[in-house]
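Report on one structure; see the data block that follows.
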C-alpha cells in the first residue's frame with residue numbers, strides 16, 4: 001500500500017501556493033485601460049531594445065495618421081481596444097493553456113487505459129493502478145476547464161471571439177457557424193463530454209477494485225465491455241472537444257486533421273506521465289514486479305507516438321503551406337512570424353529529442369534516460385497547446401512570464417497532489433486480474 005509522503009505533499013502544496021500567487025499577479029498586472037495597455041507594450045519594447053518594433057511603431061503611426069485623416073479615429077479606437085483585450089486575455093490564456101494541458105494528460109491516460117482494457121492486454125495490468133491514479137485528476141482538472149469555459153461564456157474574458165455578439169454581428173462567416181458555435185450548445189457539449197469521461201473513469205475504477213474482492217471474473221468482463229464502448233464515445237467526443245475548446249479560439253480557420261493532432265499530443269503526454277510515475281514509485285520500493293520490460297514498452301509508445309504526432313503535424317502544416325490558400329495559411333503565417341521560437345522549438349522537443357534519445361532500444365530500459373526524455377516531451381507538448389491558444393488570444397504580445405510560469409506551477413502542484421493522493425487509497429497491484437501473472441512474468 002502506497003503512502004502519500006509528507007515531503008511530496010508539502011512540495012505539491014508549495015507549488016500550488018507559489019503558482020496561485022503568480023496567477024493572481026498576472027491578473028493584477030493586466031492593464032485596465034487603453035492608456036495602460038499602450039504603456040505596457042511600449043515599456044516591453046524598450047526593455048528589449050527592439051529597434052525593429054520602434055520602426056514598425058513609427059510606420060504604424062504614419063499609417064494611423066493617414067487613416068485618421070481619411071476615416072477619422074474609428075480605426076485607431078478599434079485597434080486600441082483590440083490591444084487592450086489581448087493584454088487582458090494574457091492571464092486568462094496562460095491559465096487556460098495550463099489547465100487544459102494537465103487535464104489533457106489525464107484524458108490521454110484514460111484513453112490508454114481503456115485501450116488496454118478493451119484489448120485485454122497481458123503486459124499492462126501491473127500498471128492499471130498507476131493509470132487509475134493519474135486519471136483521478138480528470139475530476140478537478142475537468143471541472144476547472146469547464147469553469148473557465150463558463151466564465152468565457154459569461155464574457156469574463158475574450159478568449160473566444162465568436163462569443164462576442166458585436167463581433168458576430170459584423171462577421172458573415174461567424175453568423176453562418178452560429179448554429180454550432182453558440183454559448184448554450186457549447187456548454188452542453190462540454191458537460192456531456194466531461195460527464196462521459198469522468199463517468200467511465202469512476203465506474204471502471206469501481207469495477208477494477210471490486211474484481212480484487214470477487215471470486216469470479218464478472219467485473220473484469222463488464223469492464224472489458226464498457227471500455228470497448230467508451231472508446232467509441234471517446235473518439236467522437238475528443239475530436240469535437242478539440243474543435244470546441246482549442247480550434248474555435250480562431251473560428252475563421254479549421255483543419256479536418258485537428259482532432260487526431262490533439263489526440264496524438266494528449267496520448268503521448270499521458271503515456272509519458274505513466275512512465276514517469278511508475279519509475280518514481282518503483283524507486284521508492286513499490287511495484288516490485290514491474291521490470292525493465294514494462295518501462296521499455298512504455299518508452300516504445302513514447303517513441304512511436306512522438307513520430308505519429310510529427311506525421312500529423314507535418315501533414316497538416318505542409319498541405320496548408322503548399323496550397324497557400326489565404327484563409328488557411330494565415331494560421332501558420334501568424335505563428336511563424338510572431339511565435340517562431342516556440343513554434344519550431346516545439347517540433348524539436350516533440351520529434352527530434354524523443355527520436356534521438358529513445359531510438360536505441362537499450363536506452364528505453366534506463367530509467368533516468370526515460371525521465372529526461374519525458375520532461376522534454378511534456379515541455380514540448382505544453383508548447384504545442386501554447387502555440388494553439390496564444391496567437392489567437394494575445395496576438396504578438398506574448399512572452400513567458402509570471403502568469404505562464406505561475407499557472408504551470410499551480411497545476412503541477414495540484415496534479416501531483418491529486419494523483420498521489422488517489423494512488424494512496426488502494427493497493428498499487430491488482431490481485432485478481434486474470435492477466436496479472438502474465439504481467440508479472442513479462443520479459444523479452
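In UniProt numbering, the protein residues as written are 1 to 444. In this text, a Cβ means the ideal position worked out from N, Cα and C, and glycines have one as well.
Asked                                                                                                                             : Found
Meets three-Cβ-pair contact criterion under 8 Å: the stretch 104-122 and the stretch 262-278                                      : yes
C-alpha distance - residue 306 paired with residue 36, whole-angstrom precision                                                   : 43 Å
Contact check, residue 138 vs residue 201, beta carbons under 9 Å                                                                 : yes
Reduced DSSP secondary structure (H/G/I, E/B, other) of residue 32                                                                : coil
Nearest-angstrom Cβ-Cβ length linking residue 279 and residue 370, presumed shorter than 8 Å                                      : 6 Å
As assigned by DSSP and simplified to three states, the class of residue 154                                                      : coil
Endpoints, alpha helix (DSSP H) assigned at residue 364                                                                           : Premise fails: residue 364 is in no alpha helix (DSSP H) and is neither H nor E.
Those runs of the alpha helix (DSSP H) which lie wholly inside the stretch 375-424 and span at least 4 residues                   : 402-423
Bounding residues of the alpha helix (DSSP H) (the contiguous stretch that carries residue 163)                                   : Taken as a continuous stretch (DSSP letters only), residue 163 belongs to no alpha helix (DSSP H), as it is neither H nor E.
Residue span of the alpha helix (DSSP H) that contains residue 326, given as start and end                                        : 326-338
Inter-stretch contact at 8 Å, needing at least 3 Cβ pairs: the stretch 254-269 / the stretch 307-320                              : yes
Buried/exposed call for residue 343, threshold 16 Cβ in 10 Å                                                                      : buried
Residue 226 Cβ short of 8 Å to the ligand NAP heavy atom set                                                                      : Looking at this structure, you won't find the ligand NAP or any other ligand, since it has none at all.
Simplified DSSP assignment, three categories, for residue 121                                                                     : coil
Assigned secondary structure, residue 432 (DSSP; H/G/I helix, E/B strand, else coil)                                              : coil
8 Å contact criterion, which residue 301 and residue 358 should meet: CB distance rounded                                         : Contact doesn't hold; Cβ gap of about 10 Å is too wide.
Residue of 298, 163 and 401 minimising C-alpha distance to residue 365                                                            : 298
Per-residue DSSP class, three states only, for residue 197                                                                        : helix
Residue 454, enclosing alpha helix (DSSP H) - first and last residue                                                              : Given a span of 1 to 444 for the chain in the structure shown, any question on residue 454 remains unanswerable.
Alpha helix (DSSP H) segment containing residue 221, residue limits                                                               : 218-245
N-terminal and C-terminal residue of the alpha helix (DSSP H) that residue 282 is part of                                         : 258-283
Where residue 140 falls: helix, strand or coil (DSSP)                                                                             : helix
Cβ-based burial, residue 444 [other Cβ within 10 Å; buried from 16]                                                               : exposed
Through-space distance from residue 330 to residue 24, alpha-carbon basis                                                         : 33 Å
Best match in 6, 247 and 99 for proximity to residue 143 [C-alpha to C-alpha]                                                     : 99
Beta-carbon contacts of residue 207 that lie in its chain and below 7 Å, excluding the five residues immediately before and after : 219, 222 and 223
For residue 12, the three-state DSSP class (helix, strand or coil)                                                                : helix
Whole-angstrom C-beta distance between residue 19 and residue 410, which should lie under 8 Å                                     : 3 Å
For residue 5, the three-state DSSP class (helix, strand or coil)                                                                 : coil
Proximity to residue 3 [Cα-Cα], best of 427, 438 and 435                                                                          : 427
Residue 169 (DSSP reduced to helix, strand or coil)                                                                               : coil
Residue 373 classed as buried or exposed, judged by whether at least 16 other C-beta atoms fall within 10 angstroms               : buried
Close-in-space but distant-in-sequence residues of the same chain around residue 122 (CB under 8 Å, 5 per side omitted)           : 435, 438, 439 and 442
Cβ pair residue 94, residue 406 closer than 9 Å                                                                                   : yes
Where the alpha helix (DSSP H) containing residue 254 begins and where it ends                                                    : Note, residue 254: premise wrong, no alpha helix (DSSP H); not H, not E.
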